[in-house]
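Data block below; observations after.
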Amino acid sequence: MDKTRYDEDDERPLYEEHIKIKGWLSFFLIFGIGAGAIITLVFSIIRFSIEDYITNTFGLITNILGLLSAGVDVLLIPILAGYTIYSFYNFKPNAVFLGKVYLVLIFVSNIILLLAGEFEHQGIGSLQQVAKSLIWGIVWFIYLCVSTQVNRLYPKQNRKIFNRDLFLIGTIAVILMLYFISVFLNTIWIEAKNELIGTPITRNLSEGEYSDGRIAFVPIDELDVEKQITEDNEYFHLYSGDSISITLISMFENDDTPRFFEECMSNWIDEDFLDYEYRITDEWRFLTNGNSVHLKILQYESDPIVNWSFALVFNKKTNKCALLSSYSRSENELFIDRLIKRIHFE
294 MDKTRYDEDD ERPLYEEHIK IKGWLSFFLI FGIGAGAIIT LVFSIIRFSI
344 EDYITNTFGL ITNILGLLSA GVDVLLIPIL AGYTIYSFYN FKPNAVFLGK
394 VYLVLIFVSN IILLLAGEFE HQGIGSLQQV AKSLIWGIVW FIYLCVSTQV
444 NRLYPKQNRK IFNRDLFLIG TIAVILMLYF ISVFLNTIWI EAKNELIGTP
494 ITRNLSEGEY SDGRIAFVPI DELDVEKQIT EDNEYFHLYS GDSISITLIS
544 MFENDDTPRF FEECMSNWID EDFLDYEYRI TDEWRFLTNG NSVHLKILQY
594 ESDPIVNWSF ALVFNKKTNK CALLSSYSRS ENELFIDRLI KRIHFE
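Listed below in structure tokens is the structure:
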């Protein structure tokens, strides 16, 4: 990109006469930037939860930077998008530079999502949508470089950069960089804490008690228990004929946030029920035996009706978590609630 910085008092447009932007450039500005920024803004506001940034892990710095990063999505990216569109339609010499920088920022954000592997089950944050966004970002960047219309309306020799451009983009880049560094350090800290605090159960088990080495529990008399061992993990299956089936598995985890709960729940949805309508019958967050519990119950309109209960039980002292997924044809007996009270982490 051939461009020269110059002062804000020289902001004359490249053309005095009225010239229309059309074709792919118009499509890029309206849908690639405008609609994309609006969708990002709306979803960021809808999904925002202050509890996601109160992690009690790496500390106050991570939480503050997390909130600033959310502010980038909610405020600065839409501002940059609007500023970019304004510059293009007013034929400002900094327009192409802003368009390319906007695409680079979105591209880098999506690359980080890919590396982190934190995807939603479906929707704007799904792996498929992130991959599409990366491909379109590359396509539009190449378009800005080789487009005849872009080079005709915004000649390379006339392209400039304002000081405020550098300030806005630098602010976004610094906030994102500091946040991702803090997340990286937070991940290292959690792994170290897992090694130091996430110790297995070494005590002798009581009669009738089951354990996978991380948690222990006393089963419910009405349910049969089977211990299942796979290459990656081991878990317990509690059942009563075809009427109820509970899976209990443990892990070293202390991310007790609504977002983590929803991500786990989406990963545990039985594909056999994806086509059925459902309603949320109950959702609770409570403490039991010093453990933090998040429990949600869905009722599927299948034949017969099936109730799915999903719960995460966190023990902050040991940095452990128990995951329970229960399918039942009975609304009267909530076995999962009884089982949660029988789980021990030490």
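So for the sequence shown, this note's numbering puts the first residue at 294; every next one is plus one.
Just so it is clear, CB atoms sit at the ideal spot from N, CA and C, and this is done for glycine as well.
Owing to the predicted nature of the structure, the values given are computational and were not obtained by experimental measurement.
In chain order, what residues of the same chain lie with their CB nearer than 8 Å to the CB of residue i, ignoring the 5 residues before and after it?
i, result
"I431", "F400"
"Y376", "L391, L461"
"I312", "F384, L446"
Is residue i helix, strand or coil by DSSP?
i, result
"F638", "coil"
"R631", "helix"
"D505", "coil"
"N612", "coil"
"K589", "strand"
"W433", "helix"
"V606", "strand"
"E546", "coil"
"Y247", "Look at the range of the chain in this structure, 294 to 639, and you will see that residue 247 is not part of it."
"K385", "coil"
Measure how close the beta-carbons of residue i and residue j come, nearest whole angstrom, since I'm counting them as under 8 Å.
i, j, result
"Q442", "G316", "6 Å"
"Y571", "L591", "5 Å"
"F542", "N526", "Inspection of the sequence shows that residue 542 is occupied by Ile rather than by Phe. Going by Cβ atoms, the distance from I542 to N526 rounds to 7 Å, so yes, they are a contact pair."
"S536", "R631", "Not really, about 15 Å apart at Cβ, beyond 8 Å."
Once the 5 residues before and after residue i are set aside, which same chain residues still bring their CB inside 6 Å of it?
i, result
"F381", "L322, A388"
"G416", "Because G416 sits at a pLDDT of 49, beneath the cut-off of 50, its placement in the model cannot be relied upon, and the following sentence gives the value as read from the coordinates. Nothing listed; no residue qualifies."
"L531", "L516, V518, I539"
"H414", "Confidence at H414 is low in this model, with a pLDDT of 49, below 50, so the placement of that residue should be treated as unreliable; the coordinate-derived value is given next. S559."
Please identify the residue among the options whose C-alpha is closest to the C-alpha of residue i.
i, options, result
"L391", "L459, A424, E519", "L459"
"R455", "I513, P448, K385, G501", "First, the residue type needs correcting, since residue 455 is Phe and not Arg in the sequence shown. Of I513, P448, K385, G501, the residue nearest in Cα terms is K385."
"S538", "E555, R445, F603, Y503", "F603"
"M558", "L617, I468, F320", "L617"
"A424", "S440, Y436, S402, V439", "S402"
"V439", "L318, L627, T523", "L318"
"I629", "L427, Y447, F510", "F510"
"F434", "N444, Y447, V394, F553", "V394"
"L588", "E594, F553, D596, I522", "F553"
"L627", "N608, V599, K609, F607", "V599"
"P551", "I314, L605, V335, I332", "L605"
"A615", "F566, N584, E594", "N584"
"D563", "Y593, G534, L398", "Y593"
ask   = Taking contact to mean at least 3 C-beta pairs separated by less than 8 Å, is the region 532–548 in contact with the region 564–579?
value = no
ask   = Given 8 Å as the limit, is there contact between the region 579–598 and the region 499–513, that is, 3 or more CB pairs closer than that?
value = no
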